[in-house]
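Below is one structure, written out as structure tokens; the observations come after it.
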Amino acid sequence: MYVNTVGPEAPRVVDVVVIGAGAAGIGAARRLANSRLSVLVLEARDRPGGRAHTLTGRSGAAIDLGCGWLHSADRNPWAAIAEATGFIVDKGEAPWMRPRIDVNFPISDQRAYHKAFAVFEAKLRAAASEPDRPAAELFDEDTARWRPMLDAFSGYYNGAPFADISVHDYAAYQPTDENWRVVQGYGALIRSQAEAMPILYESPVLSIDHGGAMMRLTTPSTTIEARVVILAVPAAVLAHEDIRFEPPLPDKTAAAQALPLGHVDKVFLKLARPEAFEPDTLAVGRTDTTDAGAYTFRPLGHALVEGFFGGALAEGLEREPAGAFTAFAIDELTALFGSAFRRELAPLAESDWGIDPFTRGAYSHARPGMAHMREALRRPVRERLFFAGEACSPHAFSTAHGAYETGVAAAEAVLAELAPEEVERQRDEEEDERMRNGR
Ligand SMILES: Cc1cc2nc3c(=O)[nH]c(=O)nc-3n(C[C@H](O)[C@H](O)[C@H](O)COP(=O)(O)OP(=O)(O)OC[C@H]3O[C@@H](n4cnc5c(N)ncnc54)[C@H](O)[C@@H]3O)c2cc1C
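With the working numbering, the residue at position 421 of the sequence shown is 478, and numbering never jumps.
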């Protein structure tokens, strides 16, 4: 449990309340940190990070139950923060860029699958200039053989099958080819940025009254007044109306419901004989069904297997008692590598993001026809209620850096509203800096 950074005597009236201490909320609070505005972060859990959550086991390996990869690392602000704050960034090749373990997936089939995937993705991107439709409508006879694996990919990547995915939204995501890792854990990195922040933990916001001159927020133990609020909670929390707005905001609920969080989970197993596998190699549980796990052996060289589950498979296992992901993974790996392999695997950890009441899923996708709802979700209400979080990101949704950028953008909009002179001063300083550097 984290000690409440702001102490028991938290301020009851502030300029800005940030709701949620995930990547987006931390991004917002970080951006506001050196301004003259008073800021308070209200976080439902007893820890920061939200979907960024690192466990450190006795082996010393960082276990990221949520985000693990610095996607688009060459322009990812978390990569820059990691390097500036002494975290070690591993820039090695991602396992999915290499051939899979061929025990159940011959190399010739892997080539055929990658070709089918490239054809399908090119069609998806080309179809983005046409009216929106479900991505699955682009399957054809060229891709038919690989449909189970393509939908398994969609489960990992989008949290749902291609039938539920908007073509426009899929094409709007713009990654680069650089994918790096934080050796101490992505969650640990994000948590490190929360350490000095004014955060009140175990304070789930239940309602926001935004009708008066000041906003009034209630938690189970207190009421806080703020001039503006940055709401940085998962879209699914808004979709389920876990926070009551007074007056109601039906457009925000509708936008959040159009951007559901799919289902993605991870399992970590200890590997007794790691030397039997190359570091950072990937195996697929099965190739004939969508309901299969993907397994990275020896991530960053550790004696572990990291399993990844998406879509309906993850959703189903989330509903089962704890341990269901672990049991599924051990059965699937035993089917792949022989019955003796069971004895070489030991449970370490698993996630359950879909049944977590403060997340209610993994990451967002737009339903077909609903890609424009990211903008609708992001739009502030009367320049007093600002929205941030991965689902609000136009081109980097479903990622921790996309979330961070929306938090920073919301904070900048708040500064422009409440402290325009600071924005002006900062612009002048940046201009001076550019002149000094001769740019
Ligand atoms: C299994 C998995 C793997 C992933 N892998 C990657 C990856 O490799 N790379 C990547 O970039 N991204 C990845 N992601 C996505 C990434 O973790 C998220 O996009 C990002 O962390 C979301 O940040 P956020 O701030 O928008 O939301 P969150 O991190 O969910 O933060 C929201 C915060 O709001 C709090 N909250 C909720 N309700 C309330 C309330 N009523 N009052 C107060 N606080 C509240 C929550 O407790 C939480 O702390 C992964 C996610 C999952 C689940």
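Backbone N, C-alpha and C define an ideal beta-carbon position, used for all residues, glycine too.
Going by the beta-carbon positions, is the gap between residue 405 and residue 326 smaller than 8 angstroms? yes
Whole-angstrom Cβ separation of residue 136 and residue 97, contact assumed at under 8 angstroms? Actually they do not touch by this definition, with Cβ atoms about 29 angstroms apart.
Using the three-state DSSP reduction, which class does residue 398 fall into: helix, strand or coil? helix
Less than 7 angstroms between the CB of residue 447 and some heavy atom of ligand 2, yes or no? With respect to ligand 2, the structure shown offers nothing to examine, as its ligands consist of ligand 1.
Inter-residue spacing [alpha-carbon to alpha-carbon] between residue 100 and residue 255: 10 angstroms
Anyone know if the C-beta pair for residue 413 and residue 244 falls short of 8 angstroms? no
On a Cα-Cα basis, can you pick out the residue from 211, 384, 102 that is closest to residue 258? 102
When the Cα of residue 390 is compared with those of 427, 380, 428, 351, which residue comes out closest? 351
Residues in its own chain within less than 6 angstroms of residue 15 by CB, not counting five upstream and five downstream? Outside the modelled stretch of the chain, which goes from 58 to 496, sits residue 15, for which no answer is possible.
Going by the C-beta, is residue 299 closer than 7 angstroms to any heavy atom of ligand 1? yes
For residue 475, which three-state DSSP category applies? helix
8 angstroms Cβ cutoff met for residue 313 and residue 295: yes
On the premise that residue 71 lies in contact with residue 95, defined as a C-beta separation below 8 angstroms, what is that separation, rounded to the nearest angstrom? 4 angstroms
State yes or no: is the C-beta of residue 212 nearer than 7 angstroms to some heavy atom of ligand 1? no
At least 3 beta-carbon pairs within less than 8 angstroms: the region 74-94 vs the region 186-206: no
Relative to the C-alpha of residue 77, which candidate in 469, 444, 490 has its C-alpha closest? 444
Are the region 328-340 and the region 447-457 touching, with three or more C-beta to C-beta distances below 8 angstroms? no
Between the C-alpha atoms of residue 58 and residue 82, what's the straight-line distance to the nearest angstrom? Low local confidence applies: a pLDDT of 47 at residue 58 is under 50, so the model's placement there is unreliable, and no value is given.
Taking buried to mean at least 16 other C-beta atoms within 10 Å of its own C-beta, is residue 300 buried or exposed? buried
In angstroms, rounded to a whole number, what distance separates the CA positions of residue 438 and residue 265? 12 angstroms
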